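In the working numbering, the protein residues as written are 15 to 206. Beta carbons: idealized from backbone N, C-alpha and C, even for Gly. Just so you know, these numbers come straight off a predicted model, no measurement behind them. Down below is the structure, laid out as structure tokens.
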Amino acid sequence: MNIPNKITISRILLIPFFVIVMMFDFNWGTMSLFGAKMPVHHFIGALIFIFASTTDWVDGYYARKYNLVTIFGKFLDPLADKLLVSAAFILMVELDMAPAWIIIIIISREFAVTGLRLILAGEGEVVAANQLGKIKTWTQIMAIAAALLHNTIFTLIGIPFDEIMLYIALFFTVWSGWDYFYLNRRVLLESK
15 MNIPNKITIS RILLIPFFVI VMMFDFNWGT MSLFGAKMPV HHFIGALIFI
65 FASTTDWVDG YYARKYNLVT IFGKFLDPLA DKLLVSAAFI LMVELDMAPA
115 WIIIIIISRE FAVTGLRLIL AGEGEVVAAN QLGKIKTWTQ IMAIAAALLH
165 NTIFTLIGIP FDEIMLYIAL FFTVWSGWDY FYLNRRVLLE SK
């Protein structure tokens, strides 16, 4: 178990803390931040989510810099991203921060790609996330962070940045999912 994989596992372990902080009102009151009014527990939950999300960049950078890329890491890193992002998106529906239909499409794509990864693994191929998949992940993270922070800063200028980012994330989610299946169509067509 190398350091990048430990960092990835820490991201997974942060998910229950993030969910608990977001779901339960601890009577910490409300706060105002750059024009956005929000419950304090949403702000703390957003910080946990942002911190957990940055570990994705840290573990990848560390693994590449010190040549610690492993098959386990190639599998675990995108899985950790999917678990964190899916938890956040489901919370957003529960908290009425996002329409359910968008989240259903996003999470369905994640399940479909995970299924394809399992088929590829059965064929002896472990595929790391490509550039389009990384763009998808970061647009999702930006959409979630903006929503959890109640559109902080952008509220001052009247731009619904959180909603805009959610649609951008939806676009890249669908595009990257289609691309992933298209690039690996051979395995699907040839598998028995």
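In whole angstroms, what is the alpha-carbon distance linking residue i and residue j?
i: residue 103; j: residue 80; result: 33 Å
i: residue 87; j: residue 152; result: 19 Å
i: residue 84; j: residue 91; result: 10 Å
i: residue 22; j: residue 129; result: 20 Å
i: residue 184; j: residue 159; result: 15 Å
i: residue 204; j: residue 59; result: 45 Å
i: residue 173; j: residue 165; result: 8 Å
i: residue 167; j: residue 57; result: 14 Å
i: residue 94; j: residue 107; result: 20 Å
i: residue 135; j: residue 175; result: 38 Å
i: residue 44; j: residue 110; result: 18 Å
With 16 other CB atoms within 10 Å as the buried threshold, where does residue i fall?
i: residue 124; result: buried
i: residue 145; result: exposed
i: residue 15; result: exposed
i: residue 36; result: buried
i: residue 147; result: buried
i: residue 169; result: buried
Please return the same chain residues whose Cβ sits closer than 7 Å to the Cβ of residue i, not counting the five positions on each side in sequence.
i: residue 127; result: 191, 194
i: residue 63; result: 32, 102, 158, 159, 162
i: residue 73; result: 18, 21, 22, 91
Closer than 8 Å by C-beta to residue i: which residues in its own chain qualify, once you throw out the five before and the five after it? Chain order, please.
i: residue 33; result: 101, 105
Sorted by chain position, which residues of the same chain lie with C-beta nearer than 6 Å to residue i's C-beta, five sequence neighbours on each side aside?
i: residue 42; result: 54, 55
i: residue 99; result: 154
i: residue 122; result: none
Assuming contact is defined by CB atoms lying nearer than 8 Å, are residue i and residue j in contact in what I supplied?
i: residue 30; j: residue 76; result: no
i: residue 131; j: residue 70; result: no
i: residue 112; j: residue 66; result: no
i: residue 187; j: residue 133; result: no
Margin query: When you compare the region 111-121 with the region 43-54, are there three or more beta-carbon pairs, one atom per stretch, that lie closer than 8 Å?
Written below: In short, these stretches do not touch, since the Cβ pair count stays below three.
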